[in-house]
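Just below is one structure, and these are the notes that go with it.
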Amino acid sequence: MPELPEVETVRKGLAEHVTGRTIITASVHHPRVVRRHLAGASHFSQHVVGKRIQSVERRGKYLWFSLESQGHAQLEGLIAHLGMSGQFRVQDERADHPHVRFDAELDDGRWLVFLDQRTFGGVALDELVTDTTKTRTVPHALRHIAPDPFEPGYDPPSVSRRMRRKKTEVKRALLDQTLVSGIGNIYADEALWRAPLHPQRLTQRLTASTAMGVLEAATNVMAEAIVEGGTSFDALYVNVNGESGYFGRSLAVYGREDEPCLRCGAPIRRLAFTNRSSYVCLRCQRPPRLGTSERLSQKGDAAP
DNA sequence: CTCATGCCCTGCTGGC
DNA sequence: TGCCAGCAGGGCATGA
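So, in structure tokens, the structure goes:
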């Protein structure tokens, strides 16, 4: 469940503890963790050893360690995605835990450990290239990921235009990482409540200012969560696990089914959304009024 | 091309 | 008590 604010909290912690360190040994403990590294597990391990961590960077929900090798100006990216349950820890001893998927010994004697219960996360090595906005370098494999709202290449009017050209629901658009990155199910629901907009509103029917408004709401709610995540940060234990911090945050709708809307008091409802959930206040977030064409394509399960 | 859906995976919860 | 369905959900392959 880590979304942009949680990943940024992890990035900061990692940057503090591993910047400047050289990787001495590396081990892959589960093949699935390197499934995106097509050259394989042993290639991955061999190629990170001896590299120095120059910085820890992030775009949306992706992290990468910028690696330099002795005598080479060219940098490589060690990409990491936390998936749903990924955690990084920097610790003094090698971890003995069933969920360790990858670990590396650093030149200060400490260990960088990646744990992941549900194995949706992973790591890969990739070359760094100039991104499409020409404002920064990103791993080649992440070129399709759009800038997140905290990057210099993020251009809200452009994102708003692209969003309104799409033929889809506004919540799907917010979750589209090629449009704007970093927003997941939780912050999408929070942004839509703030806007306020029903998740099934069609992007083509939004005015430019409404589209800009929901993007701004998403940016604000994530910025506030970064501040909260940063304050509860523990030095040696680089926590990433969605559980600590996440649900302690001030969420207005997510997970609050049947509880009162903080704005109007009406009960928060949970709507089915492609095998997951959307939490909404149906009084603040009015469902779209369907036109003839949408009604015809509803196939009988239309709202009353 | 765009958009929607299903799958990957594990541990916990709730119903019977 | 034990079993199993359901749920959590990001990203990508696939099909429409």
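Numbering follows the working numbering, in which position 92 of the first sequence is assigned residue number 130; successive positions increment by one, without gaps.
Backbone N, C-alpha and C fix where the C-beta goes; we use that ideal spot for every residue, glycine too.
If you look at L42, you'll find it in the alpha helix (DSSP H) that goes L42 to V56. DSSP places H85 within a helical segment (H, G or I) once states are collapsed to three. Of the residues Q112, I264 and R307, the one whose Cα lies closest to the Cα of K50 is I264.
One alpha carbon belongs to V86, the other to D164, and they sit about 11 Å apart.
Annotation for P237: no beta strand (DSSP E) segment contains it, and DSSP assigns it neither H nor E.
In the DSSP annotation of this structure, A179 is not part of any beta strand (DSSP E), being labelled neither H nor E.
Shown here, S80 sits in a helix according to DSSP, grouped into three states.
Counting the other Cβ atoms within 10 Å of the Cβ of L120 gives 16 or more, which makes it buried. Within the DSSP bridge table, the entry for Y225 names no partner. Among the bridge pairs identified by DSSP, I62 is matched with none. With a threshold of 16 other beta carbon atoms within 10 Å, A77 falls short and is exposed.
It is roughly 43 Å from the alpha-carbon of H75 to the alpha-carbon of P326.
Burial state of C299 is buried, judged by a 10 Å Cβ sphere holding 16 or more other Cβ atoms. For S198, the three-state secondary structure derived from DSSP is helix.
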